[in-house]
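Reading through the structure tokens given below for one structure.
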Ligand SMILES: Nc1ncnc2c1ncn2[C@@H]1O[C@H](COP(=O)(O)OP(=O)(O)OP(=O)(O)O)[C@@H](O)[C@H]1O
Ligand SMILES: Nc1ncnc2c1ncn2[C@@H]1O[C@H](COP(=O)(O)OP(=O)(O)OP(=O)(O)O)[C@@H](O)[C@H]1O
Ligand SMILES: [Mg+2]
Ligand SMILES: [Mg+2]
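Residue numbers (this note's numbering), protein chains in the order written: chain A, 1 to 505; chain B, 506 to 783; chain C, 784 to 1042; chain D, 1043 to 1393; chain E, 1394 to 1705.
As structure tokens, this is what we get:
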């Protein structure tokens, strides 16, 4: 059994490589950052379109739309005891850009570089700072980006105390903590455990004294631990296990829709897949509802457009369902009446392997012979990024809550050549979306939210019809937990699963 | 001769094998007093099995029966395991053919002698040690102290054989079965070993069964000889009368050896008569 | 036929050095039989092995048929010199039939007519064709030794090296093998070198012999001298004495000869 | 592997003998490790996984990716990379793990004791039960107990470890509640002691945290028994076969001739001799447990070396893989040496 | 042995007599006789016969898989109604998460298992045999070099090496087999070497040398046959390990590709349903167990027949 003031979660933690908000980008680390750091802006978990200040008290946008001025809440303190001021906020943003780690582009995309960021993001008063953008972006776009964990506020004084060789405390913060959130990070043992502890300086002390994430790789093990009460929450149960534990009177399940989508990418370098009829035919050869009702029960729901529900402009069109006759027609039109053979790269040991096998079955009904190539996560990814696949089954998770994050990757491709710099999903599948690229770029600077939403709807429809993506499902996150656990929040993004108000009765 | 030390009547040893039942010893009978009894015969004639059956050490698939198998009045066939254990090594001992295999390679020679002694005599460590050293000296070991702490592989075949004899005689047995104690040794060394055994018999009055395939040796060393063929005793006679053996098998064995004394060419060979085995 | 001059064989180096044979010389005429006797470890086998290349010649000279041997020995050498080993149980490949064992040398040397020669070799050692497809475990020790002899003879060598060919055998079988060897020598005009620790066996088969001890030649003598008990060397004397059987009291050896 | 050398010689010779032996051992260790590094290194480079992704993730912009690639030195020729690696490794620097960001040696210092603890206990169980069972089977050859040991052993060879592991958890942890669940120690106790050796049983015991100690015991007992079972399967079978071999030797009969009790014949004589090859077998089975517990570690959420290396391999974290492999290789060679020494100790013939 | 034959209680006659004849008339009879003797020794061990029975069953099942299996091993049924059904009259072993009949999959999986086992044996045994015999026979620096290489492969964590190889060559059953083969030869080399060292100084090797035989001839014709039997025994005993390693690779997703009915991969999938839908993992697991057991029992029996040292 677990202590009453401690919440223990069983979770696969082996992907954490850093706890520095300027670097962390994985689901697990993001969630931990969400519970331990505060960000400039937050959004309403029920209605993502509502934005509010978290560390920021208020903000104003200049008439030309290029300068934002933020006022910071006063009286906040870091866990270390240092007061939180605009200096810390500006420093945190600058630091993210200067360190230039993986998530830095979320802030950097507004025209900040290592060299100019100190001028463009400036402290203008003890509790005020400004941001100067290179273009008049849609303000919602900017603000949504500031809700992501890379915009977490770090304790400048503490971090700089631990600076070595001008690394802005990077090597220190990788494994340590310098924030102001409801919990502090007490300990991280790679592949073993992350321990959070109540931050006494947080304005609204948490009911729990401690939250412990234990690395449990086996889902069956997670289940046994949960049923036995040795963990309070199990995070990675599969549908069958979920169904089984939900019969247990001591256990309940909580779920929330997430921003991730499951899709099959079709490489346009394959001449068969480059035919529009073939792409469409394949979209008719997936039994969406059967998969989401069985293999992915409680894990995902049918969704076919690239924007997940809850995003600005998201539509929920579902034109495709399993229709072998129609698919055969389309294949005949494409000159492949007897079907053809293709391969699909699959991450072994994951849900995708099961989905892929179900797809394999339905493809076969129209004569499409699908050979599955299982591989390690990183191995499949390497191949995918080198455009060496025929098709691949993968999941895409939004980087931040603005629709641009998905549009940018599903609908835009600036350079389809083999040595392009950016590698969005369109590029990886060697698809040139033509005019859609320009439309995506235009949508980013559209100031009117309604017009902007309409632009994204158009993009979604175009990709749905013609894109080399069979988008199948939107992710649902389910946590199985002991009955006495309350207040665990499953937010719409992976860094908004909060335990700050959780308690155990 | 009064009551015999060992009385064997109709001893049989059978092995039940896949290919059928093999009778290795078929109705051997003899009596032994305090004397040197030789058992000769060619390879596989059942000499060793006879010796082992007396000690109750016939290997697993074997089965031993006899009309009578008594040592000093004790029936060995019906004796309890416990009795047998006290007899074994205590009053009956056996020197085995090859010291290379019969000594435990990971124990020192001294340890092994002490162990044999302590299995039968209530003695302290020091007393046992003294006894062992005395025994090593008795078998004419040149440097008993040194040999005492040597491992079997560190001594030569002759020394090993003497150590084996020391180990088997440390309890002052009444009967010693020596199974080809010299066939692994050089002629010169084997003479020394025989001399030791000879002294023990004449000085201590021990009974000795001497198993060998070397007729010449047996005839010169023993008092009485049993000649075995295919598991049976085909002839029993005084050792000195071996030259006058009646049985054609014994005669054949005697004649087919080349000697320095005369040069027979071709050497007579043995024509086995199936009737001998019956 | 065979001429050994100052043969020396050393195994190992440093602490592990063993001087197995020290400075041994002897000479064997064609068609003669020469014996080597001595106690265990005196280097008898090593001399034989050095002659046929199974042990290194550290110093000295070995001549066969007037020519010095080469290292490694050529095929021609093996057609001239063959060896029979002490232990008939170890010298035959346990998984090969008699047929295969005898066919092997023929195929190595590219001889034709294997069929007939195998049968002939079996006949020569007094075994019938029924033995041809047996495995060693289906043969008695004496039969095995006969096969080993047949194998050595099948290439028609001139010299046969015999390393205690009968010491693992029963007395009656020993007589058979000794008779066979005697007979073969006469019929095929072979040259023998015979190693044995049994003086009587050496005397039976050989005309001359060399007594060895600790790797050295003690004395060369004849079997006639041996039979008459005339030995100049003490060690040879003691060997003669011991071969007479057990004697209660230590007496001069000459007396024992009568018994 | 023991090369036996004739005995004898004075103190000077003995000294020289041991010096040569030591030199030989160092050379063996060095070449084996070098070979291991080379093989692992080059395998690591042909593995079609981009190690850079492991660091920067999938979403990183091109320039971030490029920079990370250069930092890893992946743009240099292979041979040069290997040389650089060797030079660093010689000074004990195996680089940092990409996944955990720690120096590889630090990670291994954490993970190895966990595996060591488990494997040692497993081997102990295997030895304590396996040897008597093997002896019993040999002494009562063909009897019921012999067949039982045989089937027990064969089952140990044939049952997938993950199946047995999960079933064990289900029965003894979930249903019966006799043992604690996966993990090394309960969270309640995990901060009651300071890790010194990282061997939980040792640390807690040395610091007198007996509650924590007993909790750790109840965590380790199930996986240890599981590994113990597999080691038992192997050891009992080998014991049986060695004992059969020894019991057929002449010296055993000689011991019986001396009138020793059967117990003494078996334990003092036969086993003492069987122990010689058994040492090698035990060392081998120990080494196998050290390297082969990947699946057990996964199921029991045991943060050990097996999991560490597998996880690293799957993420192309080559520094970690190399480091881990080297440690296991070194342990292997070391165990070889120890069994060699024990061999010498037990068998006077090789001294 | 020479000397008088001891009378046997019953003389073999007829066919048996012909086989057991001490004077075979042809190579064939000699060989058959040997085989028959071995067979008789073998059949005296009931467990070994059971083992042989299991292996024969495996082969039969693999050959007639198409006939035996009632359903397709790869095509699944309706996900909504036929998924994860417990064993019943229709689906003897139940169905899996893709609504496939597990019984049919297990039946067809026997082919893959057989393929793995045979191929590994065919690759690893000759490598081990060659390295071991050459190393043991030649000795010297050849021995040193070969044994160092063997040591390196031996000291390598086995699963890791296999994983690395599979990762390098790409997943798939063939590569898994190569990987397993590459990791399993070192022990064979060691055994073969030990055996060779024991026989290389024996008289019968000296005898062929004296007939002028070349080194390859001695190694292949004389040394190898003698090492073979203990190696065969060892390989059979290893079969279980090989199946389980293949299963382990399948478990890590690096073995057979879905939807191939490889037993290890099936168990791996079943792991997700282990507690409630136990049959998904248990059925292929049981198959692995039975076949490994079969190989082990067979190996044990063969040891008694082939290995002269182990036979008593
Ligand atoms: N364990 C056994 N199983 C079957 N037969 C056996 C066994 N032990 C001995 N025999 C047989 O018993 C017979 C007699 O064997 P024994 O050892 O007594 O012969 P021996 O006269 O001592 O011969 P040697 O001079 O060769 O030692 C032989 O035919 C032998 O094959
Ligand atoms: N290969 C070898 N390496 C080292 N020493 C050897 C080798 N072969 C023989 N020796 C040693 O050479 C010496 C002579 O041995 P050899 O076999 O020639 O004796 P032998 O006279 O034939 O004895 P036996 O009558 O026992 O056969 C012995 O001390 C032996 O240990
Ligand atoms: Mg005998
Ligand atoms: Mg010799």
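Beta carbons are placed, not taken as given, at the ideal position from N, Cα and C, and that holds for glycine.
### Query
Which runs of the alpha helix (DSSP H) spanning at least 4 residues fall entirely within the segment 1284–1328 of chain D, listed in chain order?
1292–1299
### Task
State whether the segment 1261–1269 of chain D contacts the segment 1292–1308 of chain D, with contact taken as three or more CB pairs (one from each stretch) at a distance under 8 Å.
no
### Query
Would residue 264/A pass as a contact of residue 476/A if the rule is Cβ separation under 9 Å?
no
### Task
Mind checking the segment 1058–1082 of chain D against chain E and listing, in chain order, the residues whose C-beta falls within less than 8 Å of any C-beta there?
1070, 1073, 1074, 1077, 1078, 1081, 1082
### Message
What residue range does the beta strand (DSSP E) around residue 802/C cover?
### Response
Run containing residue 802/C: 801–811, per the beta strand (DSSP E) assignment.
### Task
With residue 635/B as the anchor, note down where its alpha helix (DSSP H) starts and where it stops.
630–643
### Message
Considering only heavy atoms of ligand 3, does any lie closer than 8 Å to the CB of residue 716/B?
### Response
yes
### Task
Could you please go through the chain and list the residues whose beta-carbon is closer than 7 Å to any non-hydrogen atom of ligand 5?
Ligands in the displayed structure: ligand 1, ligand 2, ligand 3 and ligand 4; ligand 5 is not one of them.
### Task
Please report how far the alpha carbon of residue 290/A lies from the alpha carbon of residue 503/A, in whole angstroms.
Cα to Cα, residue 290/A sits roughly 37 Å from residue 503/A.
### Query
In this structure, does DSSP put residue 186/A in helix, strand or coil?
Here residue 186/A carries a strand assignment [DSSP, helix/strand/coil].
### Query
How big is the Cα-Cα spacing for residue 439/A and residue 1108/D?
Taking the straight line joining both Cα atoms gives about 29 Å.
### Query
DSSP state of residue 217/A, grouped into three classes?
coil
### Message
Spatial neighbours of residue 1253/D within its chain, please: C-beta separation below 8 Å, excluding the five flanking residues on both sides.
### Response
1231, 1234
### Message
What does the alpha-carbon distance come out to for the pair residue 71/A and residue 54/A?
### Response
11 Å
### Task
Could you tell me if the beta carbon of residue 871/C falls within a distance shorter than 8 Å of some heavy atom in ligand 1?
no
### Message
Measuring alpha carbon to alpha carbon, tell me which residue in 1001/C, 817/C, 981/C is nearest residue 785/C.
### Response
Answer by Cα proximity: 817/C.
### Task
Give, in chain order, every residue of the segment 580–611 of chain B whose Cβ lies closer than 8 Å to some Cβ of chain C.
none
### Cβ neighbours of residue 496/A in the same chain (closer than 7 Å, five flanking residues each side left out)
Contacts found: 34, 45.
### Query
What residues in the segment 379–412 of chain A have a beta carbon less than 8 Å from any beta carbon of chain E?
379
### Message
Rounding to the nearest angstrom, what Cα-Cα distance links residue 148/A and residue 402/A in this structure?
### Response
10 Å
### Message
Please tell me whether residue 653/B and residue 614/B are closer than 9 Å, where the distance is taken between their beta carbons.
### Response
yes
### Contact list for the segment 1601–1619 of chain E against chain C, Cβ threshold 9 Å
1601, 1602, 1603, 1604, 1605, 1606, 1607, 1610, 1614, 1615, 1618, 1619
### Query
To which residues does DSSP link residue 255/A through a beta bridge?
478/A
### Query
What number of angstroms, rounded off, separates the C-alpha of residue 82/A from the C-alpha of residue 206/A?
20 Å
### Task
With a threshold of 8 Å, establish whether the CB of residue 1281/D neighbours any heavy atom of ligand 1.
no
### residue 333/A: first and last residue of the uninterrupted alpha helix (DSSP H) it sits in
324–333
### Task
Could you tell me the boundaries of the alpha helix (DSSP H) in which residue 1006/C lies?
1006–1010
### Task
Any chance you could list the beta strand (DSSP E) runs of at least 3 consecutive residues sitting entirely within the segment 416–443 of chain A, in chain order?
Listed in chain order, nothing qualifies, since the segment 416–443 of chain A has no complete beta strand (DSSP E) run of 3 or more residues.
### Query
In this structure, does DSSP put residue 580/B in helix, strand or coil?
strand
### Query
Between the Cα of residue 419/A and the Cα atoms of 441/A, 153/A, 396/A, 385/A, which residue gives the shortest distance?
Nearest option by C-alpha distance: 385/A.
### Task
Determine the burial state of residue 1118/D: buried for a count of at least 16 other Cβ atoms within 10 Å of its Cβ, exposed for fewer.
By the neighbour-count criterion, in which a residue is buried when 16 or more other Cβ atoms sit within 10 angstroms of its Cβ, residue 1118/D is exposed.
### Query
Taking 9 Å as the CB-CB cut-off, is residue 934/C touching chain E?
yes
### Task
Go through its chain and collect everything with a Cβ distance to residue 1306/D's Cβ below 8 Å, but skip five positions before and after it.
For residue 1306/D, where only same-chain residues beyond five positions count, the Cβ hits under 8 Å are 1297.
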